[in-house]
Amino acid sequence: MIEDYLSIERAFKFYNEKIFEGQLQPTAFTVARQSRMIGCFRPISFVTRQGGEEMSEISFNPDYMDRTVEEILSTLVHEMFHLAQYQYGTPSRNGYHNKEWGSWMETAGLTPSSTGQEGGKRTGQKMSHVVIPEGLFEVVTKQLVGDNFKLKWCSVVAKGAVGPDDDDDGGEPKKKKAKSKLKYTCPECKQNAWAKPDTPLMCGKCKLDMECEEIE
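Position 10, counted from 1, in the sequence shown is what our numbering calls 265; the numbers after and before it change by one each time, with no gaps.
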(Lines of atoms letter the chains of each structure in order from A; the text may use other names.)
(Lines give C-alpha, C1' and ligand atoms only; values in the text may rest on other atoms or scores of the structure.)
Protein backbone atom coordinates (compact mmCIF):
# COMPACT_ATOMS: atom_id res chain seq x y z
CA MET A 256 0.00 0.00 0.00
CA ILE A 257 2.95 2.35 0.47
CA GLU A 258 2.98 2.95 -3.31
CA ASP A 259 -0.47 4.51 -3.22
CA TYR A 260 0.28 6.71 -0.20
CA LEU A 261 3.29 8.07 -2.06
CA SER A 262 1.17 8.59 -5.18
CA ILE A 263 -1.46 10.54 -3.23
CA GLU A 264 1.29 12.66 -1.65
CA ARG A 265 2.63 13.35 -5.14
CA ALA A 266 -0.86 14.33 -6.37
CA PHE A 267 -1.40 16.61 -3.36
CA LYS A 268 1.83 18.50 -4.11
CA PHE A 269 0.91 18.70 -7.81
CA TYR A 270 -2.57 20.17 -7.21
CA ASN A 271 -1.24 22.43 -4.47
CA GLU A 272 0.95 24.10 -7.06
CA LYS A 273 -1.47 24.00 -10.01
CA ILE A 274 -4.69 25.01 -8.24
CA PHE A 275 -3.81 26.43 -4.81
CA GLU A 276 -0.64 28.39 -5.65
CA GLY A 277 1.35 26.32 -3.15
CA GLN A 278 -0.56 27.76 -0.18
CA LEU A 279 -1.84 24.56 1.45
CA GLN A 280 -0.17 23.19 4.56
CA PRO A 281 1.26 19.64 4.62
CA THR A 282 -1.49 17.11 5.37
CA ALA A 283 -1.67 13.51 6.59
CA PHE A 284 -3.36 10.93 4.36
CA THR A 285 -5.23 7.95 5.76
CA VAL A 286 -7.44 5.14 4.44
CA ALA A 287 -10.46 4.18 6.56
CA ARG A 288 -13.90 2.69 5.98
CA GLN A 289 -16.53 5.26 6.92
CA SER A 290 -20.23 4.80 6.39
CA ARG A 291 -21.65 6.89 3.53
CA MET A 292 -18.39 8.74 2.88
CA ILE A 293 -16.03 8.60 -0.10
CA GLY A 294 -13.53 11.03 1.39
CA CYS A 295 -13.25 13.19 4.49
CA PHE A 296 -11.28 16.21 5.73
CA ARG A 297 -10.51 16.61 9.43
CA PRO A 298 -8.75 19.74 10.69
CA ILE A 299 -5.95 19.21 13.22
CA SER A 300 -6.20 15.44 13.52
CA PHE A 301 -2.59 15.05 14.67
CA VAL A 302 -0.17 16.89 16.94
CA THR A 303 3.46 16.19 17.72
CA ARG A 304 4.12 14.44 21.02
CA GLN A 305 6.15 17.43 22.19
CA GLY A 306 3.41 19.83 21.10
CA GLY A 307 3.73 22.92 18.96
CA GLU A 308 3.07 21.28 15.58
CA GLU A 309 -0.33 20.32 14.18
CA MET A 310 -1.49 18.50 11.04
CA SER A 311 -4.86 18.06 9.37
CA GLU A 312 -6.01 14.85 7.68
CA ILE A 313 -7.55 13.79 4.38
CA SER A 314 -9.05 10.32 4.54
CA PHE A 315 -10.15 8.01 1.72
CA ASN A 316 -12.70 5.21 1.99
CA PRO A 317 -11.03 2.12 0.43
CA ASP A 318 -14.41 0.79 -0.69
CA TYR A 319 -14.43 3.56 -3.32
CA MET A 320 -10.85 3.12 -4.51
CA ASP A 321 -12.02 0.95 -7.44
CA ARG A 322 -13.16 4.07 -9.31
CA THR A 323 -11.13 5.62 -12.11
CA VAL A 324 -7.92 7.43 -11.17
CA GLU A 325 -9.50 10.70 -12.31
CA GLU A 326 -12.51 10.19 -10.02
CA ILE A 327 -10.28 9.44 -7.03
CA LEU A 328 -8.19 12.51 -7.75
CA SER A 329 -11.33 14.66 -7.92
CA THR A 330 -12.14 13.46 -4.39
CA LEU A 331 -8.66 14.52 -3.29
CA VAL A 332 -9.16 18.04 -4.70
CA HIS A 333 -12.66 18.20 -3.16
CA GLU A 334 -11.09 17.59 0.26
CA MET A 335 -8.21 19.96 -0.48
CA PHE A 336 -10.76 22.75 -0.85
CA HIS A 337 -11.98 21.97 2.66
CA LEU A 338 -8.37 22.35 3.82
CA ALA A 339 -8.08 25.65 1.93
CA GLN A 340 -11.29 26.94 3.50
CA TYR A 341 -10.09 25.88 6.95
CA GLN A 342 -6.79 27.73 6.42
CA TYR A 343 -8.03 31.03 4.98
CA GLY A 344 -11.79 30.89 4.46
CA THR A 345 -14.95 30.69 6.53
CA PRO A 346 -16.07 27.06 6.89
CA SER A 347 -19.48 26.26 8.37
CA ARG A 348 -19.60 24.23 11.54
CA ASN A 349 -20.05 20.46 11.43
CA GLY A 350 -18.65 20.04 7.93
CA TYR A 351 -21.47 21.82 6.06
CA HIS A 352 -20.60 22.58 2.43
CA ASN A 353 -21.40 26.29 2.15
CA LYS A 354 -21.51 28.76 -0.77
CA GLU A 355 -17.92 29.92 -0.30
CA TRP A 356 -16.60 26.36 -0.60
CA GLY A 357 -18.83 25.76 -3.62
CA SER A 358 -17.70 28.87 -5.47
CA TRP A 359 -14.05 27.94 -4.88
CA MET A 360 -14.69 24.46 -6.25
CA GLU A 361 -16.23 25.89 -9.42
CA THR A 362 -13.19 28.08 -10.11
CA ALA A 363 -11.18 24.83 -10.30
CA GLY A 364 -13.61 23.09 -12.64
CA LEU A 365 -15.63 21.07 -10.13
CA THR A 366 -19.36 21.79 -9.77
CA PRO A 367 -20.75 20.92 -6.30
CA SER A 368 -23.72 18.54 -6.45
CA SER A 369 -25.68 16.77 -3.72
CA THR A 370 -26.38 13.91 -6.14
CA GLY A 371 -23.05 13.70 -7.96
CA GLN A 372 -24.97 14.57 -11.14
CA GLU A 373 -25.87 17.78 -12.97
CA GLY A 374 -28.73 19.61 -11.31
CA GLY A 375 -28.02 18.61 -7.71
CA LYS A 376 -28.03 21.10 -4.85
CA ARG A 377 -24.87 23.24 -4.64
CA THR A 378 -24.73 23.36 -0.83
CA GLY A 379 -25.53 20.87 1.92
CA GLN A 380 -24.20 18.43 4.49
CA LYS A 381 -23.41 15.52 2.20
CA MET A 382 -21.98 16.70 -1.11
CA SER A 383 -20.31 15.29 -4.19
CA HIS A 384 -19.34 17.10 -7.40
CA VAL A 385 -19.31 16.99 -11.19
CA VAL A 386 -16.16 17.52 -13.25
CA ILE A 387 -16.57 20.44 -15.67
CA PRO A 388 -15.35 19.46 -19.18
CA GLU A 389 -12.15 21.33 -20.07
CA GLY A 390 -12.16 23.02 -16.67
CA LEU A 391 -8.97 23.55 -14.69
CA PHE A 392 -9.19 20.24 -12.81
CA GLU A 393 -9.67 18.18 -15.97
CA VAL A 394 -6.88 19.98 -17.83
CA VAL A 395 -4.22 19.65 -15.12
CA THR A 396 -5.28 16.08 -14.25
CA LYS A 397 -4.58 15.03 -17.83
CA GLN A 398 -1.05 16.35 -17.29
CA LEU A 399 -0.64 14.37 -14.06
CA VAL A 400 -2.05 11.11 -15.41
CA GLY A 401 -0.05 11.53 -18.61
CA ASP A 402 3.09 11.72 -16.48
CA ASN A 403 2.65 8.07 -15.47
CA PHE A 404 0.56 8.68 -12.35
CA LYS A 405 -0.96 5.42 -11.09
CA LEU A 406 -2.81 3.92 -8.14
CA LYS A 407 -2.29 0.20 -7.51
CA TRP A 408 -4.65 -1.00 -4.78
CA CYS A 409 -8.41 -1.20 -4.25
CA SER A 410 -10.61 -2.78 -1.58
CA VAL A 411 -12.30 -6.20 -1.45
CA VAL A 412 -14.67 -7.64 1.13
CA ALA A 413 -12.47 -9.50 3.61
CA LYS A 414 -13.58 -13.06 4.34
CA GLY A 415 -13.91 -13.96 8.02
CA ALA A 416 -13.11 -10.43 9.14
CA VAL A 417 -13.67 -9.86 12.85
CA GLY A 418 -14.40 -6.46 14.34
CA PRO A 419 -15.49 -5.05 17.69
CA ASP A 420 -19.14 -6.00 17.07
CA ASP A 421 -18.43 -9.40 15.49
CA ASP A 422 -18.49 -12.90 16.96
CA ASP A 423 -15.05 -14.29 17.74
CA ASP A 424 -15.64 -17.20 15.36
CA GLY A 425 -15.99 -14.88 12.38
CA GLY A 426 -19.79 -14.94 12.35
CA GLU A 427 -22.05 -12.25 11.00
CA PRO A 428 -21.53 -8.80 12.54
CA LYS A 429 -24.25 -7.56 14.84
CA LYS A 430 -26.29 -4.89 13.15
CA LYS A 431 -26.78 -1.61 14.95
CA LYS A 432 -30.35 -0.37 15.17
CA ALA A 433 -30.81 2.64 12.93
CA LYS A 434 -32.08 5.81 14.57
CA SER A 435 -35.65 6.66 13.59
CA LYS A 436 -35.13 10.42 13.93
CA LEU A 437 -32.10 12.69 13.61
CA LYS A 438 -31.41 16.24 14.74
CA TYR A 439 -31.27 18.99 12.10
CA THR A 440 -29.92 22.50 12.75
CA CYS A 441 -30.09 25.73 10.73
CA PRO A 442 -26.49 26.88 10.03
CA GLU A 443 -27.56 30.52 10.43
CA CYS A 444 -30.05 30.92 13.32
CA LYS A 445 -29.30 27.53 15.00
CA GLN A 446 -32.99 26.55 15.13
CA ASN A 447 -33.34 22.77 15.68
CA ALA A 448 -35.74 20.21 14.27
CA TRP A 449 -36.01 16.41 14.35
CA ALA A 450 -36.95 14.24 11.37
CA LYS A 451 -36.31 10.89 9.73
CA PRO A 452 -32.88 10.27 8.10
CA ASP A 453 -32.38 11.91 4.66
CA THR A 454 -35.38 14.23 5.14
CA PRO A 455 -34.78 17.50 3.22
CA LEU A 456 -35.49 20.30 5.71
CA MET A 457 -35.31 24.06 5.14
CA CYS A 458 -35.30 26.73 7.83
CA GLY A 459 -38.49 28.78 7.41
CA LYS A 460 -36.79 31.92 8.73
CA CYS A 461 -33.40 31.82 6.94
CA LYS A 462 -34.42 29.81 3.86
CA LEU A 463 -31.30 27.62 4.24
CA ASP A 464 -30.95 23.85 4.15
CA MET A 465 -30.77 22.52 7.71
CA GLU A 466 -27.73 20.43 8.67
CA CYS A 467 -28.11 16.89 9.93
CA GLU A 468 -25.66 16.53 12.82
CA GLU A 469 -25.88 12.73 12.90
CA ILE A 470 -24.72 12.10 9.31
CA GLU A 471 -21.09 10.92 9.20
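Don't be surprised by glycine CBs; every beta carbon is placed ideally from N, CA and C. These figures come from a predicted structure and were not determined experimentally.
| query | result |
| --- | --- |
| 7 Å Cβ shell around residue 441 - same chain, five flanking residues per side excluded | 458, 461, 463, 465 |
| Cα-Cα separation, residue 390 to residue 360 | 11 Å |
| Delimiting residues of the beta strand (DSSP E) encompassing residue 306 | Neither: residue 306 is in no beta strand (DSSP E) and is coded neither H nor E. |
| For residue 451, the three-state DSSP class (helix, strand or coil) | coil |
| Which residues DSSP lists as bridging residue 297, in chain order | 312 |
| Beta-carbon spacing of residue 296, residue 338 below 9 Å | yes |
| Bounding residues of the beta strand (DSSP E) (the contiguous stretch that carries residue 282) | 282-286 |
| Nonlocal neighbours in the same chain, by C-beta distance under 7 Å from residue 327, ignoring five residues either side | 320, 406 |
| Residue 443 - partner residues in DSSP beta bridges | None, per the DSSP bridge assignment. |
| Sequence-distant residues of the same chain with beta carbon closer than 6 Å to residue 363, five excluded per side | 274, 391, 392 |
| Whole-angstrom C-beta distance between residue 312 and residue 282, which should lie under 8 Å | 7 Å |
| Ranges of the alpha helix (DSSP H) found wholly within the segment 313-393, counting only runs of at least 4 | 324-343, 354-362 |
| Cβ distance (whole Å) where residue 340 is taken to contact residue 279 below 8 Å | Actually they do not touch by this definition, with Cβ atoms about 11 Å apart. |
| Contacting residues, own chain, Cβ-Cβ under 8 Å from residue 284 (five flanking each side not counted) | 260, 263, 264, 267, 312, 313, 314, 315 |
| Cβ neighbour criterion (16 or more within 10 Å) applied to residue 369 | buried |
| Neighbour-count burial assignment, residue 411, 16 or more Cβ in a 10 Å radius | exposed |
| Straight-line Cα distance separating residue 257 from residue 445 | 43 Å |
| Three-state secondary structure assigned by DSSP to residue 437 | strand |
| Cβ neighbour criterion (16 or more within 10 Å) applied to residue 396 | buried |
| Cα-Cα separation, residue 399 to residue 330 | 15 Å |
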